[in-house]
Amino acid sequence: MAPSHTAHVLVASNRGPVSYEVQENGELTAKRGGGGLVSGLSAIGPEADALWVCSALSDGDREAVAQGVGEDGVRMLAIPADVHADAYNGVANSVLWFVHHLLYQTPLEPVFDAEFRRQWASYETYNRAFAEALAEEAAEGAAVLVQDYHLCLVPGMLRELRPDLRISHFSHTPWAPVDYFRMLPDDIAAQLLRGMLGADRLGFLTRRWADAFTACATAFAGGLGDTQVGVHGLGADADFLRERSHAADVEERIVGLREEIGAGRKTVVRVDRTELSKNIVRGLLAYRRLLESRPEWLERVVHVAFAYPSRQDLAVYRDYTAEVQRVAEEINEAFGTPGWTPVVLHVKDDFARSLAAYRLADVALVNPIRDGMNLVAKEVPVVSDEGCALVLSREAGAYEELGEDAITVNPYDVEQTAAALHEALTLPPHDRAERAKRLAAAATALPPAQWFLDQLNALKALDA
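Using the numbering used here, the letters of the sequence shown map in sequence onto residues 33 to 496.
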């Protein structure tokens with residue numbers, strides 16, 4: 033593609049706002065996504081000359097690029113599938129994600145060997161492809177908003193190509209503390225930080241993650257230099273959630289869920305991807321401990337657990353998904369009766385069913401080992417029909433905003449989490465409703481469009 037130099041606002045992310053599928057007849061069909069970035073870009077209006085640069089993720093995406101099929105405002109990069117796999121699975125999801133979420137079993141991992149170095153070269157290639165595309169497309173002095181751990185090197189690379197641009201990077205994950213970040217090879221740690229510090233401004237979901245980055249920059253890169261750091265806690269989209277949660281397909285799922293739960297029973301709801309950091313297995317163990325230690329809950333409560341498969345091309349994720357299913361089955365075998373299934377587990381992704389569960393929730397269980405934010409913790413109080421209690425890990429980014437009205441737990445402490453579930457289930461209705469009202473207000477304080485616009489305005493303000 034010839035350089036156009038026309039876009040004044042550019043967003044770069046691994047996944048874009050549209051994906052393509054090849055139908056049996058060979059035709060391509062497009063599917064549009066949602067989320068905070070989509071809301072934000074639509075909020076700035078067509079006159080902003082915005083462009084979204086993303087990666088072709090599927091065979092359909094790559095075919096769309098090959099045929100020149102695309103949508104206005106989107107440039108999809110046909111990075112070779114093997115390079116993308118190395119960068120995305122080999123480095124971003126198997127190293128950077130693990131470092132920032134403190135997931136390594138350190139007696140055995142990580143192992144930074146020749147294979148890792150080969151994959152790291154792909155991560156560099158992948159980031160360079162984004163930097164070059166952004167450099168081609170950006171108008172003089174344009175604002176470029178780079179997203180997440182997949183693209184940590186882009187700001188530094190882009191700065192060398194286009195020093196006139198205003199560049200930001202936003203981390204949707206936590207940032208590792210110094211002692212954990214130190215596990216990375218010295219040159220890789222330095223390269224990551226140099227890449228990030230190529231930005232004019234860095235954004236994080238909480239002050240805690242921002243401070244962790246600053247500490248790493250101080251320890252390994254001599255400080256932040258001219259780079260500014262800001263905090264933008266992404267909120268739930270209340271208007272969308274409230275409208276969507278009362279659509280016909282959600283009402284239909286509510287009927288089905290009520291049949292699975294049974295009349296008159298309390299519900300403990302969780303909705304997660306089977307991501308290692310989500311801590312689903314310990315959540316199930318805590319629920320089992322509740323049933324063991326508080327027999328008054330037998331046949332009176334159901335754990336509605338939606339665990340949607342994630343990253344199943346990685347063996348450790350497949351194993352984790354299987355363990356979630358095994359523990360749920362074990363609880364049902366140990367405690368279930370002909371008229372009561374203690375754990376209602378669904379593993380097939382269904383957004384309408386998730387919203388139905390939100391509406392029926394008496395208690396929302398959100399107990400991650402570590403999470404950048406966790407929007408489920410914010411969404412359930414907004415949607416819950418009767419107002420729900422929230423059992424929340426102190427290691428979720430959302431704890432910073434919601435901790436005061438949640439029942440807080442150490443995510444590793446199963447005994448404490450079981451006690452918290454009992455407390456949440458026995459909250460007086462008035463107390464529960466008041467907490468839920470305050471949780472919903474805090475959860476929606478910075479809706480997605482405003483979250484994006486705040487970052488864009490802060491970046492543009494650097495020129496003033």
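Glycine is no exception: its CB is placed at the ideal position from the N, C-alpha and C atoms.
Bridge partners - residue i, DSSP secondary structure assignment
{"i": "Gln55", "result": "DSSP output for Gln55 lists no bridge partner at all."}
{"i": "Ala339", "result": "Asp304"}
{"i": "Arg285", "result": "Its beta-bridge partners do not exist; DSSP assigns none."}
{"i": "Met108", "result": "Cys86"}
{"i": "Phe236", "result": "Ser203, Val263"}
{"i": "His278", "result": "According to DSSP, His278 bridges with nothing at all."}
{"i": "Thr440", "result": "Leu424"}
{"i": "Leu177", "result": "Val43, Ser200"}
N-terminal and C-terminal residue of the beta strand (DSSP E) that residue i is part of
{"i": "Leu397", "result": "395–398"}
{"i": "Ala44", "result": "39–44"}
{"i": "Leu166", "result": "Here Leu166 belongs to no beta strand (DSSP E); instead the alpha helix (DSSP H) covers 146–169."}
{"i": "Gly262", "result": "260–263"}
{"i": "Val115", "result": "Premise fails: Val115 lies in the alpha helix (DSSP H), 113–117, not in any beta strand (DSSP E)."}
{"i": "Leu60", "result": "60–64"}
Cα-Cα separation between residue i and residue j, rounded to whole angstroms
{"i": "Ala34", "j": "Phe162", "result": "In this prediction, Ala34 has a pLDDT of 44, which is less than 50 and means its spatial position is unreliable; what the coordinates show is noted afterwards. Approximately 15 Å between the Cα atoms of the pair."}
{"i": "Val482", "j": "Arg302", "result": "Correcting the residue type first, residue 482 is Gln in the shown sequence and not Val. Taking the straight line from one Cα to the other gives about 27 Å."}
{"i": "Gln487", "j": "Ile199", "result": "11 Å"}
{"i": "Ala253", "j": "Ala222", "result": "7 Å"}
{"i": "Gly48", "j": "Ala251", "result": "34 Å"}
{"i": "Val336", "j": "Glu53", "result": "32 Å"}
{"i": "Leu42", "j": "Leu197", "result": "10 Å"}
{"i": "Gly92", "j": "Gly188", "result": "31 Å"}
{"i": "His278", "j": "Ser90", "result": "33 Å"}
{"i": "Gln179", "j": "Ala366", "result": "45 Å"}
{"i": "Glu275", "j": "Arg214", "result": "46 Å"}
{"i": "Ala242", "j": "Gln55", "result": "44 Å"}
{"i": "Arg64", "j": "Ala450", "result": "40 Å"}
{"i": "Asn442", "j": "Gly429", "result": "13 Å"}
{"i": "Glu284", "j": "Glu361", "result": "26 Å"}
{"i": "Glu432", "j": "Gln151", "result": "35 Å"}
{"i": "Arg332", "j": "Glu292", "result": "13 Å"}
{"i": "Arg160", "j": "Arg226", "result": "14 Å"}
{"i": "Val70", "j": "Trp372", "result": "42 Å"}
{"i": "Leu83", "j": "Gly294", "result": "49 Å"}
{"i": "Gly255", "j": "Ala249", "result": "5 Å"}
{"i": "Ala421", "j": "Ala474", "result": "14 Å"}
{"i": "Thr238", "j": "Leu266", "result": "9 Å"}
{"i": "Ala244", "j": "Ala117", "result": "28 Å"}
{"i": "Leu491", "j": "Leu234", "result": "9 Å"}
{"i": "Leu229", "j": "Tyr352", "result": "35 Å"}
{"i": "Thr61", "j": "Ala110", "result": "17 Å"}
{"i": "Leu316", "j": "Ala88", "result": "37 Å"}
{"i": "Val287", "j": "Ala339", "result": "20 Å"}
{"i": "Leu457", "j": "Ala280", "result": "29 Å"}
Cβ pair residue i, residue j closer than 8 Å
{"i": "Leu471", "j": "Asp445", "result": "no"}
{"i": "Val300", "j": "Val359", "result": "no"}
{"i": "Leu185", "j": "Leu166", "result": "no"}
{"i": "His201", "j": "Gly404", "result": "no"}
{"i": "Ile363", "j": "Pro370", "result": "no"}
{"i": "Leu289", "j": "Ala389", "result": "yes"}
{"i": "Met108", "j": "Ala96", "result": "yes"}
{"i": "Cys144", "j": "Pro217", "result": "Before going on, a small fix: residue 144 reads as Phe here, not Cys. It is a contact, given that the beta carbons lie within the stated cut-off."}
{"i": "Val379", "j": "Pro341", "result": "yes"}
{"i": "His26", "j": "Leu478", "result": "Residue 26 lies beyond the stretch modelled for the chain, which goes from 33 to 496, so this question has no answer here."}
{"i": "Val415", "j": "Asn406", "result": "no"}
{"i": "Ser126", "j": "Leu346", "result": "yes"}
{"i": "Val115", "j": "Glu169", "result": "no"}
Range covered by the alpha helix (DSSP H) that runs through residue i
{"i": "Gly371", "result": "Unbroken run through Gly371: none, as it is neither H nor E."}
{"i": "Val97", "result": "91–99"}
{"i": "Arg464", "result": "461–475"}
{"i": "Val414", "result": "408–415"}
{"i": "Arg314", "result": "312–325"}
{"i": "Ile401", "result": "No alpha helix (DSSP H) contains Ile401, which DSSP labels as neither H nor E."}
{"i": "Ser386", "result": "383–392"}
{"i": "Thr449", "result": "446–457"}
{"i": "Val186", "result": "186–193"}
{"i": "Ala481", "result": "480–493"}
{"i": "Ala221", "result": "218–228"}
{"i": "Glu432", "result": "431–434"}
Cβ of residue i within 8 Å of any chain C Cβ
{"i": "Pro479", "result": "Going by chain labels, chain C is absent from the structure shown, which holds only one protein chain."}
Whole-number beta carbon distance between residue j and residue i, since they are thought to touch under 8 Å
{"i": "Arg535", "j": "Asp417", "result": "The requested residue 535 is not part of the displayed model; the chain covers only 33 to 496."}
{"i": "Leu387", "j": "Gln357", "result": "No, Leu387 and Gln357 are not in contact; Cβ-Cβ is about 23 Å, not under 8 Å."}
{"i": "Ala80", "j": "His40", "result": "6 Å"}
{"i": "Ala468", "j": "Gly419", "result": "3 Å"}
{"i": "Ser309", "j": "Arg402", "result": "5 Å"}
{"i": "Pro400", "j": "Asn311", "result": "5 Å"}
{"i": "Leu140", "j": "Ala44", "result": "35 Å between Cβ atoms; not a contact."}
{"i": "Val50", "j": "Val106", "result": "6 Å"}
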